[in-house]
Amino acid sequence: MQKIPEEVIHFFQHQNFVIVSTLDNRGFPHNSCKGIVKIEGKRFYLFDLYRGKTFKNLQHNLHLSITAVDEHKFRGYSLKGRGKIVKLVGSKKELIKDWDSIISRRVTHRLLKNIQGEKGHPTHPEVNLPSPKYLIEVKVEEVIDLKPKHIK
Numbered sequence: 011m012q013k014i015p016e017e018v019i020h021f022f023q024h025q026n027f028v029i030v031s032t033l034d035n036r037g038f039p040h041n042s043c044k045g046i047v048k049i050e051g052k053r054f055y056l057f058d059l060y061r062g063k064t065f066k067n068l069q070h071n072l073h074l075s076i077t078a079v080d081e082h083k084f085r086g087y088s089l090k091g092r093g094k095i096v097k098l099v100g101s102k103k104e105l106i107k108d109w110d111s112i113i114s115r116r117v118t119h120r121l122l123k124n125i126q127g128e129k130g131h132p133t134h135p136e137v138n139l140p141s142p143k144y145l146i147e148v149k150v151e152e153v154i155d156l157k158p159k160h161i162k
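Our numbering numbers the first residue of the sequence shown as 11 and each following residue consecutively.
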C-alpha cells in the first residue's frame with residue numbers, strides 16, 4: 011500500500027474512539043471501542059485497556075480493521091491491516107503520557123458540554139478507565155472510503 015492520505019490521517023486524529031474489529035477462533039467478528047494514541051505513517055497505535063477478546067483474538071489472528079464515521083459530515087473510513095501486541099517498555103512507555111492527555115481532553119470536553127446544558131453521561135467514565143498495560147500496533151495495508159460513490 012502507498013502512503014495513507016493526509017485527509018484520512020487527519021480524520022482519525024480527530025476521533026474520540028474507533029471501532030476495532032478482530033476475528034475470533036471460529037471466524038466470527040468481534041467489535042470493540044479503542045482509542046488511538048498515536049499515528050506514525052502507516053502505523054496506528056491503540057491502547058487496549060481490558061485485555062479481553064481483542065487481545066485473545068490477536069494472539070491467533072493478526073488481521074483487523076479500524077473503522078470510524080462522522081455522521082454529521084457523512085464520511086468515514088475503514089482501515090484494514092495487521093495488528094500486533096506490543097509491551098509498554100522503553101520508548102513505547104512514553105505513550106502513556108499522550109494517553110493521559112487524551113483522557114484529560116475528553117473529560118474537559120464532557121464537562122464543558124454538561125455546563126452548556128448538553129446532558130450526557132452523569133459521571134466522567136474516562137476517569138475510571140484502567141491504566142494501559144500494552145498497545146496494539148497496526149500496520150495499515152488498505153484504506154476503504156465509506157462514503158457512497160454517488161456522493162463523492
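Yeah, the Cβ is synthetic: ideal placement off N, Cα and C, and Gly gets one too.
query	result
Rounding to the nearest angstrom, what Cα-Cα distance links Val47 and Tyr87 in this structure?	18 angstroms
Could you check if Tyr55 is buried or exposed, using at least 16 other CB atoms within 10 Å of its CB as the buried criterion?	buried
Given that a residue counts as buried once 16 or more other Cβ atoms are within 10 Å of its Cβ, and exposed if not, what is Asp58?	buried
Locate the beta strand (DSSP E) running through Ser75, then write down its first and last residues.	73-80
Relative to the C-alpha of Ile19, which residue among Ala78, Gln126, Gly130 is closest?	Ala78
Are the Cβ atoms of Tyr60 and Ile95 separated by less than 8 angstroms?	no
Taking Ile49 as part of the beta strand (DSSP E), name the residues at either end of that continuous run.	39-50
Closest to Gly62 by CA distance: which of Leu105, Phe22, His73, Cys43 is it?	Cys43
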